[in-house]
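Single-structure report; data block below.
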C-alpha cells in the first residue's frame, strides 16, 4: 500500500523525480515562483524596517523641531571629525551589508530561474506583432487569437517544468507570465529562454511586456496547465489534426 | 576516382554558393543535380535547439558516447560521413587549419570538436580510417571526438532537428550535404552555423566565445571584450565589426574629452587673462 | 537696478544674455512642456480608467492614438521639463548668484543654449501637427522605432537639439563654478545646490554624446537604409538598448542630484541649521554617484537577454547606489535635527520630499535585484516607482524651487493659502494615483497598456482610483501655476530676505537682482558658509 502511494506520488512529480529518487538522490524540482514570493516578503520586510526608521525620525523631527518664535535658529551641534566620519562610514557599511544580504538572497533565487531542470519540456515560442506561436517538439504548433478567443495557446502538463526557447520575427517583445513571476524579452536574431514550473492545474495568461506598437495591449495568450493524461490526449489530437 | 571527383565538385559548388551570399541560394547551377536551396538552413529557426538530448551515439571504440560526460565547454559539431574523401574530409582539414590559428583557446581546453556521422553504414573501422587520414596533431589527440549513431533509423530525424539536410545520390554513390559546422553551447544548444570554407579563425573564436559567454574565465576577459566589438551577420554568415559599439565608445570618449578639454582650455585662457592684469 | 524696472520689452528678452532672464526663459519653456505632458497624462489616465476603449476610437486604431500620448508624456517630462527645469532654470538663475558671480562664463553661449532648448520644444510640438505622429516611447527601441510608420525623426531631432543645448550649458556652468567663485570661496563653502549641479553637469556632459550618437544611428537605420541595429545584416538589437541606458540611467542622476540640492537649500534655510555632515553628502554622496552612474545601466535590461554574469554584476553595482543615496538622505534628514523649522509652502514640499524620497528610493531596491525585476519590471510597479522618485520627487523640487526663490525672482510674495491648497491637492493626488498602481503592478499589470481586459476585473477599480487621483493633481497644478502668474503680477511686495537665509543670493542682492547681480563685489571670509546661522 505504502509503495503504491509513493508510486502515485512519484508519477505525480514526473518521471525524472522518480528516477532521481530511485538513484538515491532526492532532487525536487524547484518552484521559482514560490521562491520569488518568499523573497518578496523578505524584501518587503527589509524595506519596511528601513522605511519606518527614516519616516519615524523624519516626522518626529519635523514635529519636534518646529520653530516656536520668529528669528529662532537651529541648535544642531557641530560634528567633530570623528563623528562626521562615523556618520558616513557606519551607515555606509550598514547599507552595504544590507545590499550584500539582498544580493545574496536574490542571487540564490536567480540561479533557480536560470538553471533549467534537465527534464524540462521544451516549447519554442515565436513572437510577432501581435501574437505568439508555440511549437512543440513533435511539430505540433498552436496560437491563441485574441480577437476570436480561438486557439489553445500554450498548453502544458502539470508538474513538469517547461522551458521556453524564444525568438521574435519582427520587433522586441517580452513574454511575461505574471502568475509564474517571470518574463524575458525576445528579439530577432537572438534566442532567449525562461522556464517555469506549472505546479497547479488551471488557466492563466502570458502577456507582452515590451512595447511593440499598436496592439501591444492585445498581445496576450492563454496558458493552460492540464493533467498529463489530458495533455497526452490533446497533443495526440493536435498531431492528427495537423 | 569518379566518386571523388564529383564530391569535390559538389563541395566546390556548395562552397561557391555559400561564398556568394551565404544562405541566400537562388538557383541551382549546371553542375549540380539538386537544388542547393534544399540545404539552406533557416538559422533563426534552429538557433537554440538542443542537440543530442536523447540520442545514443557511439564513440571511436563503439562504446556509448555521452555529451554529458564531456567537460562543460562549448563544442564544434561536425556532421560528416567517414567514407567521404571529398567534402567531409575537406571540412575536417579546413577546420584543423582554422583551429590552429585560434589563439585564445585550444581543442580540449576551451572547446571540443565532435564529429558525428550521418551515414548509417559507418563502422568503427571506417571511422578510424578517417581519423588516421585526417591526422590531427597532438599525442594523444585531445578534444577531437568522432562519433556515429547507434540507431541508424533516427539519423535523418535527429539531424533534421538542427536543420541539417543531406541526400544520398545512388547515381553518384555519394552524399550531397552542406559544408557546415555548428557551434554548440556547453549544454548542447545550437549557437551558430558556420561554413568552414567561408570563415576565418576569428569567426570560429568569436562563435565559441559567444557560445560560452556566461562562463568566460578571468584570463579570457580581454578576448571577451574584443568579441563585443563584433556581431554576427546572418547575411554574410560571418562576424562583422559592430559599428555602433565604436560610435558609442567614441561618443563617450568625446564626452570625457569635452569635459577635460573645455576645462583645460578655459584654464589656459583664465591664467593668461590673470597674468595680463 | 531691477530687471522689471524699465518695463517689458520683448526684444530685451529674446536677445538677453543675462543668466537670470535665461533661467526664466527655461522655466517658461519647461512649464509649457510640463503642462502639455500633464494633459497627456490625463488622457492616459482617462483611457485606463476602464478596460476597453474609453476615449480612443476603437481597439484597432486606439493604440496609435494612445502611444502618441505615452511618447509625448515621457519625452516632454524628461527632455522638456525635468532636465531643463533643474539644470536649465534653477541652475541658470541660482548658480551665479550662489557663488557670487556677475554672470556665467559664456553668456552668449548660454543664450544659444536656451534657444536650442526652445527649438527642441518646438520640434517636439510638431508631434501634434505631423500626420505620422511619433509613437516610439521616449526610449525609442529598435527594431520598432525603425519599422514603425511613426515619425522617428522628430524624436531624434528633439534629442539632438536639447542634447546639444545641455552640452553647451554643462561646459558653461562647470567653467563658471570652477573659475568664477567669489574671492575666498572654497569648495567646502559651496551651496549644496551648487555641488549638486556641478556633479550633475559632469554626468550630463560626459553621457549626452552617447545618447546623441545612438539616436543618430537610429535615424540612419530608419531613413538611410543602414543596418546598425538590424540583426539580419550584422546589426545588434540589444546594442541600442545598452547605449540608450548608458546615457539614460545617468540622466536619472542629472535630475535627482539638483532636486536633492534644492531640498538641502530649503531645509537648511527653514530649519536654520547647517547641512548635516556636509562632506559625507558631497564627497560620499554626490561625487560617488558621478563615479558609479556609468556602471549600472544593465538594471534596465535585466530581462532583455543580456549575459547572466552581467545581470548579476550590475545587480551588485545597482544595489551599491544605496550607499551614496543613503548618505545624502541621512544628511537631508539630519539637517532637521535640532533645527528650528518654519513651515511655509517650500517647506511643505520639502517635508513631502522626505516621504517621496523614501517611497521612491525603497521601491527601487527590489527593482535593483535581478530576480525581483524579472517579475516587477515593465509592470505598473516600475511605473509607480519611477514616478515617485523621478516624476513626483523631482517635480516637487522644481515647484519648491520656484516657491522658495519666488520672492527673489519676482520681488513679490506668493499667496500662501492658494499655494498650500495646491500643495495638499498635489500631494494627496499623487498618492491616490500611484499607490493603486504599485498594488496591481505586483499582481502583473503591465506598463504601456491601454486595454487590460485579459486581467482580473478588480484591476479596473484600481485604475479608476488612480484616474481620480490624477484629476486631483491636475487641480493642484493649476492652482500652483496660476498662483505664480497672479502673484508675480500683483503679489505683496517681498523683502530682500524673507526666509532669513544666509546664502549669497538672499543676503547680497537686490530684489529682484539687477544686471551684474551684486551691487558690490562679493568676497567671503574663510569661516563663511551659506549655512552658518550661529
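Residue numbers (my numbering), protein chains in the order written: chain A, -17 to 224; chain B, 2 to 278; chain C, -3 to 530.
Even glycine gets a Cβ: it sits at the ideal position worked out from N, Cα and C.
Own chain residues within Cβ distance below 6 Å of residue i, not counting five before or after
i: residue 421/C; result: 468, 471 and 472
i: residue 281/C; result: 320, 323 and 324
i: residue 212/B; result: 75, 184, 186 and 192
i: residue 465/C; result: 425, 428 and 429
i: residue 182/B; result: 77, 79, 195 and 197
i: residue 210/A; result: 139
Beta-ladder partner(s) of residue i, from DSSP
i: residue 213/B; result: According to DSSP, residue 213/B bridges with nothing at all.
i: residue 113/A; result: 110/A
i: residue 337/C; result: 48/A
i: residue 383/C; result: Looking at the DSSP assignment, residue 383/C forms no beta bridge with any residue, so it has no partner.
i: residue 132/A; result: 127/A
i: residue 537/C; result: A query on residue 537/C cannot be resolved here, the shown segment of chain C reaching from -3 to 530 and no further.
i: residue 176/B; result: 169/B
i: residue 108/B; result: 112/B
i: residue 139/A; result: 208/A
N- and C-terminal bounds of the beta strand (DSSP E) containing residue i
i: residue 190/A; result: 184 to 190
i: residue 167/A; result: 164 to 168
i: residue 241/B; result: 239 to 242
i: residue 183/B; result: 181 to 185
i: residue 117/B; result: 113 to 118
i: residue 191/B; result: 191 to 196
i: residue 232/B; result: 231 to 234
i: residue 157/A; result: 155 to 159
Coarse secondary structure for residue i, derived from DSSP in three states
i: residue 178/A; result: strand
i: residue 80/B; result: strand
i: residue 44/B; result: helix
i: residue 169/B; result: strand
i: residue 223/C; result: coil
i: residue 188/C; result: helix
i: residue 57/B; result: coil
i: residue 10/A; result: coil
i: residue 146/B; result: strand
i: residue 349/C; result: helix
i: residue 444/C; result: coil
i: residue 65/B; result: strand
Of the residues the options, the one placed nearest residue i, counting alpha carbons only
i: residue 149/C; options: 216/C, 401/C, 102/C and 187/C; result: 216/C
i: residue 391/C; options: 46/C, 118/C and 349/C; result: 349/C
i: residue 510/C; options: 496/C, 519/C, 526/C and 492/C; result: 492/C
i: residue 362/C; options: 129/A, 30/A and 10/A; result: 30/A
i: residue 180/B; options: 161/B, 166/B and 65/B; result: 166/B
i: residue 126/B; options: 51/B, 227/B, 225/B and 147/B; result: 147/B
i: residue 551/C; options: 168/C, 208/C and 179/C; result: What the structure shows of chain C is the stretch from -3 to 530, and residue 551/C is not part of that stretch, so it cannot be assessed.
i: residue 55/C; options: 92/A, 200/A and 69/A; result: 200/A
i: residue 118/B; options: 173/B, 274/B, 59/B and 235/B; result: 59/B
i: residue 127/C; options: 168/C, 147/C and 364/C; result: 147/C
i: residue 114/A; options: 133/A, 26/A and 83/A; result: 133/A
i: residue 268/C; options: 53/A, 77/A, 73/A and 40/A; result: 53/A
8 Å Cβ shell around residue i - same chain, five flanking residues per side excluded
i: residue 182/C; result: 522
i: residue 14/C; result: -1, 99, 103 and 511
i: residue 5/A; result: Bear in mind that a pLDDT of 44 at residue 5/A, under 50, signals an unreliable position, so the model cannot answer this.
Extent of the continuous alpha helix (DSSP H) run through residue i
i: residue 204/A; result: Run containing residue 204/A: none in the alpha helix (DSSP H); it sits in the beta strand (DSSP E), 202 to 208.
i: residue 65/C; result: 58 to 71
i: residue 128/B; result: 125 to 135
i: residue 41/C; result: 15 to 44
i: residue 149/A; result: Looking at the DSSP string, residue 149/A is not in any alpha helix (DSSP H); the run it does join, the beta strand (DSSP E), is 144 to 150.
i: residue 374/C; result: No alpha helix (DSSP H) contains residue 374/C, which DSSP labels as neither H nor E.
Neighbourhood of residue i by C-beta distance below 7 Å, restricted to the same chain and skipping five residues each side
i: residue 535/C; result: Given a span of -3 to 530 for chain C in the structure shown, any question on residue 535/C remains unanswerable.
i: residue 49/C; result: 55 and 58
i: residue 262/C; result: 342, 343, 346, 396 and 400
i: residue 43/C; result: 50, 51, 52, 62 and 446
i: residue 26/A; result: none
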